[in-house]
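Enquirer: If you scroll down you'll find the structure; I have some questions about it.
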Amino acid sequence: MLLEGLKNRPVTVWGNGIEGQAATLFLEGRNCTVTVVEDPEQIPFSGIIVKSPGISLYRNDIKVARQYGAVFTSGTNLFMEAALLLPDFRPLLVGITGTKGKSTTSALTAHLLRAQGNNVALCGNIGDPAIAYANHLGEYDIVVVEMSSYQCADLQYSFDISVILNLYPEHIDWHKTHEQYFHDKLNILAHRNPEQSVILNSRDALTAMYVKNPQNAIYFDALNTIHVMGEYFYKGTQKLFKTNVVPLRGEHNLSNVCAALTVVDQIGGDLSLCEEALKTFQPLPHRLQTVAIKNGVTYVDDSISTTPETAMAAMSSFGYSRIILIAGGFDREQDYTEFAKFVAKKEVKVIALPQTGVRMADDISMAGGEAVLARTMQEAVAKASSMARFGDIVLLSPAAPSYGVYKNFQERGADFAKLVNEIE
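Every number in this note's numbering is 4 more than the matching position in the sequence shown, counting from 1.
And the structure:
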């Protein structure tokens, strides 16, 4: 393990965001001499480099540095090593990943586990980085870690319970190819031992394609496991409780709840306690969040949506309501063909934003649907407001990342909410 030999040694931390800062504090606490760099030109060609997750593993400068003997690791790897090196007790480690739904499922899982009486930390790609908890692991019974594909890619250890929610093509700018993205995402399973389990979505086709014959696999959303049928959650044939206790919209979120319940069940928890716990769960912002009702029109922020699949799931959650969709953003060369067919069939009116807007609108028009272009979010909200009738849903579910115009999806959602609240 790297961590055992790091004390009193020089270490480079590449990236000074929240994970880089947390890694620096941790390493300085071990008497390491830490140099923080943000300029790739300053990367040393030797020694240990703790790389922030936003920096792609596949950059040429990383390849060159490795050829010269530099060793790259991550804050998540240091956290895992710190847990494994605890002499007496260590918490149960739960890692949750998936192209979509991982933040909600991680928060749900932590919430339900706390309802069982456990002291639970929630960290990783949600909130504080995992490395921020490395010196406090003895205080917790369970640590739930949300894992992005960037964090999975160079993971060198495995969680006691790994959860994979789904796989869709994403993040080609970081991983270079969709195949590499899937491979990197599934690296969360690469170092499992026979005692460690994996929880998988029985209904996700790409997961079934890429995860072959997994040992100790538990499935959710299958008839013999935890699933939804009609208005109830079931464990096999055992009826648990009604789905209407879930304060989240959409079938995809019921699937996320099934995953969280499966974690509780896997550790021997009492599923009957989850009914009341679900009633008190606070939904995360920018995920099908109603921001205002103006003149009988409901405005919904789903800025977290960065793929066509998530936008389609968002639209499906509103049943037969009339929808005006604001979509578009950074162009990752995603395929919008099925999205366009879905929009046309559902008779959704689309207001398309740059960069993907023109391509999106063309695909929708080819499918027989209706789309107009807007240059800015301000223009899109104004157009949506003028088009909307009493009872309509104006939904921001971009089906594309926010980069280029906004710093992140949170900033995009906040801009949408601000503009909506200015409507008279």
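Virtual Cβ for every residue (Gly too), placed ideally from N, Cα, C. Note that the coordinates shown come from a computational prediction; the quantities given were computed from them, not determined experimentally.
#1: Using DSSP's beta-bridge definition, name the partner residues of D305.
#2: To the nearest angstrom, report how far apart K239 and L204 are at their CA atoms.
#3: I'd like the list of long-range same chain contacts for L116, defined as Cβ closer than 6 Å, with 5 residues on each side in sequence excluded.
#4: Under a three-way DSSP split, which group does Y223 fall into?
#5: Is it true that the CB of V54 sits closer than 8 Å to the CB of G99?
#6: For the ligand GDP, is there any heavy atom lying closer than 7 Å to the beta carbon of L116?
#7: Kindly indicate which three-state DSSP category C127 falls into: helix, strand or coil?
#8: For F224, which residues of its own chain have a beta-carbon under 6 Å away from its beta-carbon, when the five flanking residues on both sides are left out?
#9: Hey, out of K298, T37 and S60, whose CA is closest to N12's CA?
#10: How do the region 297-306 and the region 399-407 stand: do at least 3 beta-carbon pairs fall below 8 Å, yes or no?
#11: Rounding to the nearest angstrom, what Cα-Cα distance links D419 and A315 in this structure?
#12: Since M233 sits in a beta bridge, which residues does DSSP pair it with?
#13: Please state whether DSSP places N205 in a helix, a strand or coil.
#14: In terms of residue numbering, what span does the alpha helix (DSSP H) encompassing P448 cover?
#15: Are the region 280-294 and the region 236-255 touching by the rule of at least three beta carbon pairs closer than 8 Å?
#16: For the pair the region 145-158 and the region 77-97, tell me if three or more CB-CB distances fall below 8 Å.
#17: Once the 5 residues before and after I176 are set aside, which same chain residues still bring their CB inside 8 Å of it?
#18: Exposed or buried, what is Q155 when buried is set at 16 or more other beta-carbons lying within 10 Å of its beta-carbon?
#19: Give the list of continuous alpha helix (DSSP H) stretches no shorter than 4 residues that lie fully inside the region 15-39.
#20: Mind checking whether F237 and L244 have CB atoms under 8 Å apart?
#21: Which first and last residues belong to the beta strand (DSSP E) in which F150 is found?
#22: Are there 16 or more other CB atoms within 10 angstroms of the CB of T241, so buried, or fewer, so exposed?
#23: Tell me, to the nearest whole angstrom, how far the beta carbon of S325 is from that of A318; I am working on the premise that it is less than 8 Å.
#24: Using 8 Å as the threshold, is the C-beta distance between T311 and T103 below it?
#25: Please report how far the alpha carbon of F346 lies from the alpha carbon of Q120, in whole angstroms.
#26: Just to confirm the assignment, what range does the alpha helix (DSSP H) spanning F49 have?
#27: What would DSSP say about I3, mapped onto helix, strand or coil?
#28: Could you please give me the residues that DSSP links to S166 through a beta bridge?
#29: From the DSSP secondary-structure annotation, give me the bridge partner or partners of K411.
#30: For the alpha helix (DSSP H) that contains V192, what are its first and last residues?
#31: Please identify the residue among A157, K106, N122 and V124 whose C-alpha is closest to the C-alpha of A194.
#32: Pick from R118, G105, L88 and F322: whose alpha carbon is nearest that of D164?
#33: If I follow the unbroken alpha helix (DSSP H) through V75, where does it start and stop?
#34: In this structure, how does DSSP classify K430 when only helix, strand and coil are distinguished?
#35: Short of 8 Å in beta carbon distance, which residues of its chain neighbour Y407, apart from the five on each side in sequence? Order them along the chain.
#36: Since E337 is in the alpha helix (DSSP H), which residue starts that stretch and which ends it?
Expert: Judging by the given coordinates:
#1: In the DSSP assignment, the residues bridged to D305 are Q293 and L400.
#2: 15 Å
#3: A264, V268, C278 and A281
#4: strand
#5: no
#6: This structure lacks the ligand GDP, and indeed carries no ligand of any kind.
#7: strand
#8: Answer for F224: I230, C262, A263 and T266, listed in chain order.
#9: Taking only the C-alpha atoms, the option nearest N12 is T37.
#10: Touching, per the Cβ criterion.
#11: 19 Å
#12: Y236
#13: Note: N205 maps to strand in three-state DSSP.
#14: For the chain, the structure presents residues 5 to 428; residue 448 sits outside this window and is missing.
#15: yes
#16: With contact defined as three or more Cβ pairs closer than 8 Å, the region 145-158 and the region 77-97 are in contact.
#17: H182, Y185, R336 and E337
#18: buried
#19: 22-32
#20: yes
#21: In the sequence as presented, Phe is not what sits at residue 150; that position holds Glu. Here the beta strand (DSSP E) through E150 covers I146 to E150.
#22: exposed
#23: Wrong, their Cβ atoms sit about 12 Å apart, outside the cutoff.
#24: yes
#25: Spanning the two alpha carbons is a distance of roughly 41 Å.
#26: Here F49 belongs to no alpha helix (DSSP H), and DSSP marks it neither H nor E.
#27: Any property of residue 3 remains undetermined from this structure, which presents the chain solely from 5 to 428.
#28: Bridge partners of S166: G99 and V202.
#29: Note: K411 sits in no beta bridge, so no partner.
#30: Note that residue 192 corresponds to Ile in the displayed sequence, not to Val. No alpha helix (DSSP H) holds I192; DSSP gives it neither H nor E.
#31: A157
#32: Among R118, G105, L88 and F322, the Cα nearest to that of D164 belongs to L88.
#33: It is not in any alpha helix (DSSP H) - V75 instead sits in the beta strand (DSSP E) that spans V75 to T77.
#34: Residue 430 lies beyond the stretch modelled for the chain, which goes from 5 to 428, so this question has no answer here.
#35: G333 and F334
#36: No alpha helix (DSSP H) contains E337, which DSSP labels as neither H nor E.
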